[in-house]
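What follows is one structure encoded as structure tokens, with my remarks underneath.
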Amino acid sequence: MKILSVNGSPHKEKGNTYIIVKAFLKGAKRQGAEIIDEIFLQEKKIGYCRGCFMCWIKTPGKCIQKDDMKEILNKVLEADVLLLSTPVYIDGVSAQTKTFIDRLIPVLRAHFTLRDGHCRHKMGEKKMPALFVISSSGFLEMDNFEPMIESLKRGCL
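Okay, so the sequence shown: first residue is 853 according to the numbering used here, each after it adds one.
Following this line, the structure appears as structure tokens:
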């Protein structure tokens, strides 16, 4: 199993989120998983999605922006598992994680489908890996994760 770790914490290796990620990856390696890469979004140059839809119209499956996302997306598509980690910020994911998720749009089709009673984009030709999420929060109550989990479920590719 090939795992790609994408860490959206602005604190990188010094944050609480990474403490959990590190333990997860150690256990996965012990069980024979191959860690493709550990990407810290804070270190990458990833522009915001411009909403230009060139990735659907002019260059299907490819964003026209010239930044680090092209290389990251190739690694995502190579993985069996995408380990996405982020702290909970204002009931959601970190800004770095949100930008990363928005830039996954090239793997979707422009057309919609009805899924669980909601209008969603169809998947493109490329298969996305299974999504595992690790998160941390400074709040004590477990329900502080619920808005983020719901958002990720709705947008889950």
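Beta carbons are placed, not taken as given, at the ideal position from N, Cα and C, and that holds for glycine. Fair warning: this is a prediction, and the values are worked out from it, not measured in the lab.
Query	Result
Glycine 899 versus Val940, Arg955 and Ala875, residue with shortest Cα-Cα distance	Arg955
Residue closest to glutamate 993, alpha-carbon to alpha-carbon, out of Ala982, Lys866, Asp943 and His963	Asp943
Sequence-distant residues of the same chain with beta carbon closer than 8 Å to methionine 853, five excluded per side	Ala880, Gly884, Ala885, Glu886, Asp932 and Val933
Local Cβ density within 10 Å of cysteine 901, reported as buried at 16 or more and exposed below that	buried
Opposing strand residues paired with asparagine 859 [DSSP bridges]	Phe892 and Ser937
Unbroken alpha helix (DSSP H) run spanning serine 1003, endpoints	998-1007
Supposed close pair valine 858, leucine 893 - CB separation, criterion 8 Å	7 Å
Distance between beta carbons of proline 862 and serine 946, contact taken as under 8 Å	6 Å
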